[in-house]
Structure formats: C-alpha cells, structure tokens
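Report on the structure given below.
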C-alpha cells in the first residue's frame, strides 16, 4: 500500500505568504544595505573634497619664486633706461640759471642781458637814500619846571603878580610833604613826570582863571592825577592836594580831566613820538627873556 500525503489549502497559503514576506524582507534588507552604502560613500567623498580644498587654501610654506636669469635682468634694465631717456627728451628743457660774477663799482651797475655782462652808467640822483636823523631833546628837571611855570604865567595872564617860581614851589612842597610823611620812598619830580603834568595842565587850566586860589586848586588836582597815574606808590593821601574849601570842585575837576584826557595819558606812555612832541612843546614854553634857569 502506498502513503498518501494530504496538504491542506490553509497551510499552503500560509507557507506561500510566509515565503512572500520572507522575500519582501530580503528585498528591504537589501535596499537598506544598499542605501547605507551609498550614504557612507557620499560622506567619504564630501570629507575628501573638503580636505583637498583646505589643503589648497592653506599654504604655510610657499614655494620659492623662480629667479630670472641674469641676461633677462640686464635686458629689462636696458629697456627701462631707454624709456627714461625718451621721456626726458620729450620734456621741455629749461635753462639752468648760472650766477654771473659782478664787480661792485662806485658809478656803474652790472646788468645781465642775453647772458652777457654789461655795465650801465649810474645817473646822479637828487634824492639821497639816507635814514632820517633822530631828534634828541635834552633838558634838566629844573629847566622843565621853569618852562612849566612860564607856561602857567603866560596862560593865566590876568594874574599879574604870578611868577613861575611860585608854581614850582607848589609842586616841590607837595613832593617834599609826601617824602617826609612816608607816603613815598623817592621823589616824584622827574623830567618824564613833569611832561605828564604839563599835558594835564595844558588841557585843564584855562586863560579865564583870575584868582591864585583857583589856579592852585586846579594845578594841585592835576598833580594828584599825575601822582596816581605815574607815581611809584599804590595810593596817595588827598590832604596835600586838596583844600577843605574846594572838596566838591576837586572831584568834579578830577572826573572831568579823566573823561577827557584818558586816551592822551595812555598815548603818552605808549607812543614815543607823541611823548617827544609834548616834550618839545613844553621846552618851547621857556621865557626867552630869562637866561638863568634853576638846575
């Protein structure tokens, strides 16, 4: 008797499905393996290419440059020299100035015409180039004081009994009082200070003065401003210069003189020419009839 094998359809179908699943699984495994291989290859290529680029960019030890042969260097130098000569020939040549020796003469001058030395005769000139002569004015303190007194006597002609010695005595008494009282260490009366006093008196004292007291008060006001401006001390007392009877007149006259003469007072110290003019004007006030002057 023979053996009969029976195969159920369900078992066959399950085996077929298992086979198909197994086949699909094999295919998936193959695709995964193939995909992973492609990824690994592409990553290797990317790393290799980046390494090549970095190797190209960074060159820590550059290769030495090729040196030119000596013949080529000589040829280049000759070409540069030739080009330089050509550019210099194209530029316009300016004449080089050459100093011409000249011999100083008394009546002739040397003139260069067209590169030749020729002499020109000097014409006599009527105008001589001579520096202006300096004017020197000298006068002693006593002489300037006498000139100041003569000026006041001439200006105040209504005061018939006034003499220059009286005006000088007013000035010297005030200066001596300040020395004795210790208000100053040295005398104020110097030629420059006398010129300053004359500048103030010439503008302040008018010819309408008709009393000695008025003249003395105005003169002492001018002295106070001169001491305050030109003196060696910081301040001076008012008593030697001002009388109690004319206190208001003293300050009014002082302010009037300051407002009108400030510019000239500054100019007298700053401008030597102006000082010389005032100095000469004071010296011209000397009375010609008097020959004996106080020294």
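In the UniProt record's numbering, the protein residues as written are 1 to 295.
Where a beta carbon is used, it is the ideal one built from N, C-alpha and C, also for glycine.
Is residue i near residue j, with beta carbons less than 9 Å apart?
i: residue 274; j: residue 267; result: yes
i: residue 257; j: residue 225; result: yes
i: residue 239; j: residue 143; result: no
i: residue 148; j: residue 201; result: yes
Taking the alpha-carbon positions, what's the residue i to residue j distance?
i: residue 179; j: residue 190; result: 15 Å
i: residue 146; j: residue 205; result: 17 Å
i: residue 263; j: residue 234; result: 21 Å
i: residue 261; j: residue 255; result: 10 Å
i: residue 183; j: residue 232; result: 10 Å
i: residue 199; j: residue 166; result: 19 Å
i: residue 236; j: residue 181; result: 11 Å
i: residue 270; j: residue 276; result: 12 Å
i: residue 228; j: residue 281; result: 24 Å
i: residue 170; j: residue 220; result: 8 Å
i: residue 71; j: residue 78; result: 11 Å
i: residue 265; j: residue 246; result: 25 Å
i: residue 176; j: residue 222; result: 17 Å
i: residue 252; j: residue 259; result: 11 Å
Give me, in chain order, the residues of the same chain whose beta-carbon lies closer than 8 Å to that of residue i; leave out the 5 immediate sequence neighbours on both sides.
i: residue 141; result: 189, 190, 191, 194
i: residue 157; result: 207
i: residue 159; result: 153, 209, 210, 211, 212, 215
Ignore the nearest five residues each way along the sequence and tell me which others in residue i's own chain have a CB closer than 6 Å to its CB.
i: residue 242; result: 250
i: residue 215; result: 156, 209
i: residue 3; result: With a pLDDT of 48 at residue 3, under the threshold of 50, the modelled position of this residue cannot be trusted; read the value that follows with caution. Nothing listed; no residue qualifies.
i: residue 168; result: 145, 149
Buried or exposed for residue i, going by 16 or more other Cβ atoms inside 10 Å?
i: residue 164; result: buried
i: residue 150; result: buried
i: residue 197; result: buried
i: residue 139; result: buried
i: residue 76; result: exposed
i: residue 218; result: buried
i: residue 84; result: exposed
Spatial neighbours of residue i within its chain, please: C-beta separation below 7 Å, excluding the five flanking residues on both sides.
i: residue 186; result: 232
i: residue 230; result: 193, 196
In chain order, which alpha helix (DSSP H) runs of at least 4 residues are fully inside the stretch 148-233? 164-180, 191-204, 212-230
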